[in-house]
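Here the numbering used here = 1-based position in the sequence shown + 1462.
All C-beta atoms, glycine included, are put in the ideal place defined by N, C-alpha and C.
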Amino acid sequence: MDNIVVVGGGAAGVAAVETLRAGGFCGSLALVCGEPELPYDRPPLSKQVLTGAWDPDRTRFREASHYAQLNVRLVHGAARSLDAASRTVELSDGYRLGYDGLIIATGVRPRLLPSGHDLAGVHVLRGLADVAALRSAFEAASGNAASVNTASGNTASGNTASGNNAPGRVVIVGAGFLGMEVAAAARGLGLHVTVVDPLPEPMIRQVGPVIGAAVAALHRGQGVVVRTGIGVTRLVGAAGGLDGAADRSDRVTGVALDDGSTVPADCVLVAIGAVPETEWLAGSGLGLGNGVECDLFLRAAPGVYAAGDVASWPSPRYQRRVRIEHRMNATEMGICAAKNLLSEATGGELETFDPLPYFWSDQYKVKLQVHGDLSADCTPTIEEGSVEGGKFVAVFRRDGVPSAVLGWSSAARMPGYRKLLLG
Ligand SMILES: Cc1cc2nc3c(=O)[nH]c(=O)nc-3n(C[C@H](O)[C@H](O)[C@H](O)COP(=O)(O)OP(=O)(O)OC[C@H]3O[C@@H](n4cnc5c(N)ncnc54)[C@H](O)[C@@H]3O)c2cc1C
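So, in structure tokens, the structure goes:
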């Protein structure tokens, strides 16, 4: 194998190119980055970058010299199509890259509401450009708020976007981990925050209803208005925000709910999940269900592997096809896909991808950590600490067998509990 192309310069793509070089691959290696920046990490965007604690440059995985030392060619441009028969990736500028081996790591993009995204003041959060726009919207709103104490203890003053001395009003559509992290950041800046979600508790898909209720209580204690069990019908603009008629010259003024009420808003974040970035693979012949469908070894076709948020695989551990949108998983998949691509080329044994999933979320001073599979039929028991005490470890069991552990500000305890799941 002389020529490998990795498409997608996120956590999975960077792990893949580093593993290829560490594994002895000396041929031509290109990393196609869909964004103009050097590859960067996403978790800090909704935390340290949004609050202003970190400069965005700090999210870079590596400096340019690192890729030069590895002899990895960074290609800034988007892949537009894949011709698997001729082993060619075409970029949006028409440039073509041939390959012997390909790793697909194009991640996901935010899911959008059916309409309303053209209104000024409506945001999504996936990349650096998004966080820059959201941060400046928050700064404008909080800098204009009258005598609002920020989490850092500073005081802001002035007028709001809504033209009075009340704090700027942020509405977050979607109470998943991203929405709740942004709610915490916005409260820290002194903004008035409402979160709306049709499900009964925040983060219910990630932590279940019991811990979801604790997340709701945490945010309510910080002054966030958490409105669960209620859906959004449309985003309202100053000019009426008629479906399909919105444009960027119109500005969002509220979020209409399915009980007939409207929550006033100066700024809206839509955080309702994500969809795999697979459009460029249409017609490639690869299996594209919920993401790029891989086998146990992360192989999508001979010489073609996929990794990270974009890829699904049949999990031996869980006996079903899974696709995971978490940071640690992206790196682990990038490493495994790269090793298996090299092994395939040399006739070596392929490694089964079978990790124990892990994710974390930071909200205010709370660190939530979840190891394992926490689906709806698991029941949690608090094994140590208490919800009221603000520190606890919960073990989720299915038919009496531990399937996940959740730590709430209990990082030091987690390695011991993780062993429960590894048997
Ligand atoms: C704001 C935010 C906060 C998060 N916080 C946490 C957290 O606290 N804990 C946690 O476990 N996980 C968190 N995650 C999830 C985690 O960041 C992702 O799981 C991880 O980034 C996935 O890495 P990836 O390489 O698969 O995809 P990505 O990081 O999305 O990288 C994919 C890259 O491919 C590029 N691309 C897309 N299409 C093309 C194309 N056609 N051609 C070329 N390039 C293309 C994209 O521009 C992008 O640069 C967070 C995600 C976000 C957005």
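{"Check": "Let me make sure I understand the geometry here. Which of 1715, 1769, 1740, 1818 has the alpha-carbon closest to that of residue 1882?", "Outcome": "1818"}
{"Check": "Going by beta carbon distance, what residues of the same chain come within less than 8 Å of residue 1778, once the five residues before and after it are set aside?", "Outcome": "1758, 1814, 1816"}
{"Check": "Which whole-angstrom value is the C-beta distance of residue 1632 and residue 1648, which I expect to be below 8 Å?", "Outcome": "5 Å"}
{"Check": "Count the other CB atoms, across all protein chains shown, that sit within 10 Å of the CB of residue 1746; report buried if there are 16 or more and exposed otherwise.", "Outcome": "buried"}
{"Check": "Spatial neighbours of residue 1573 within its chain, please: CB distance less than 7 Å, with the 5 preceding and 5 following residues excluded, ordered by chain position.", "Outcome": "1734, 1735, 1736, 1737"}
{"Check": "Based on DSSP bridge pairs, tell me the residues matched to residue 1842.", "Outcome": "1858"}
{"Check": "With a threshold of 6 Å on Cβ separation, who are the neighbours of residue 1824 within its own chain once the five nearest residues in sequence on each side are excluded?", "Outcome": "1509"}
{"Check": "Quick check on residue 1832: buried or exposed, where buried means 16 or more other Cβ atoms within 10 Å of its Cβ?", "Outcome": "buried"}
{"Check": "What is the DSSP secondary structure of residue 1864, counted as helix, strand or coil?", "Outcome": "strand"}
{"Check": "Could you check what DSSP says for residue 1742 in three-state terms: helix, strand or coil?", "Outcome": "helix"}
{"Check": "Please return the same chain residues whose Cβ sits closer than 6 Å to the Cβ of residue 1637, not counting the five positions on each side in sequence.", "Outcome": "1657, 1659, 1664"}
{"Check": "Any heavy atom of ligand 1 closer than 7 Å to the Cβ of residue 1495?", "Outcome": "yes"}
{"Check": "Provide the residue span of the beta strand (DSSP E) that contains residue 1829, from first to last.", "Outcome": "1828-1834"}
{"Check": "Going by C-alpha distance, which of 1501, 1854, 1788, 1464 is nearest residue 1470?", "Outcome": "1501"}
{"Check": "Quick check on the DSSP output: the beta strand (DSSP E) that includes residue 1806 runs from which residue to which?", "Outcome": "Premise fails: residue 1806 lies in the alpha helix (DSSP H), 1789-1808, not in any beta strand (DSSP E)."}
{"Check": "Should residue 1801 go down as buried or exposed, given a rule of 16 or more other Cβ atoms within 10 Å for buried?", "Outcome": "buried"}
{"Check": "Taking only runs of the alpha helix (DSSP H) that begin and end inside the stretch 1471-1548, which ones reach a length of at least 4 residues, in chain order?", "Outcome": "1473-1484, 1510-1513, 1526-1531"}
{"Check": "Check residue 1585 in the structure and name its three-state DSSP category.", "Outcome": "strand"}
{"Check": "Following the continuous beta strand (DSSP E) through residue 1778, name the residue where it begins and the one where it ends.", "Outcome": "Neither: residue 1778 is in no beta strand (DSSP E) and is coded neither H nor E."}
{"Check": "Let me know the secondary structure DSSP gives residue 1712 once reduced to three states.", "Outcome": "coil"}
{"Check": "Buried or exposed: where does residue 1808 fall if 16 or more other Cβ atoms within 10 Å of its Cβ makes it buried?", "Outcome": "exposed"}
{"Check": "With contact counted as at least three CB pairs below 8 Å, one residue from each stretch, are the stretch 1719-1730 and the stretch 1583-1599 in contact?", "Outcome": "yes"}
{"Check": "How long is the line joining the alpha carbons of residue 1864 and residue 1666, rounded to whole angstroms?", "Outcome": "19 Å"}
{"Check": "Since residue 1879 contacts residue 1855 with CB under 8 Å, what's their CB separation in whole angstroms?", "Outcome": "6 Å"}
{"Check": "Could you name each continuous beta strand (DSSP E) segment of 3 residues or more that falls completely within the stretch 1549-1586, going from the start of the chain to the end?", "Outcome": "1550-1553, 1558-1560, 1563-1566, 1570-1572"}
{"Check": "What does DSSP give as the partner residues of residue 1654 in its beta bridges?", "Outcome": "1631"}
{"Check": "Is the distance from the Cβ of residue 1569 to the Cβ of residue 1604 below 8 Å?", "Outcome": "no"}
{"Check": "Within 10 angstroms of its Cβ, does residue 1861 collect 16 or more other Cβ (buried), or is it exposed?", "Outcome": "exposed"}
{"Check": "Let me know the secondary structure DSSP gives residue 1871 once reduced to three states.", "Outcome": "coil"}
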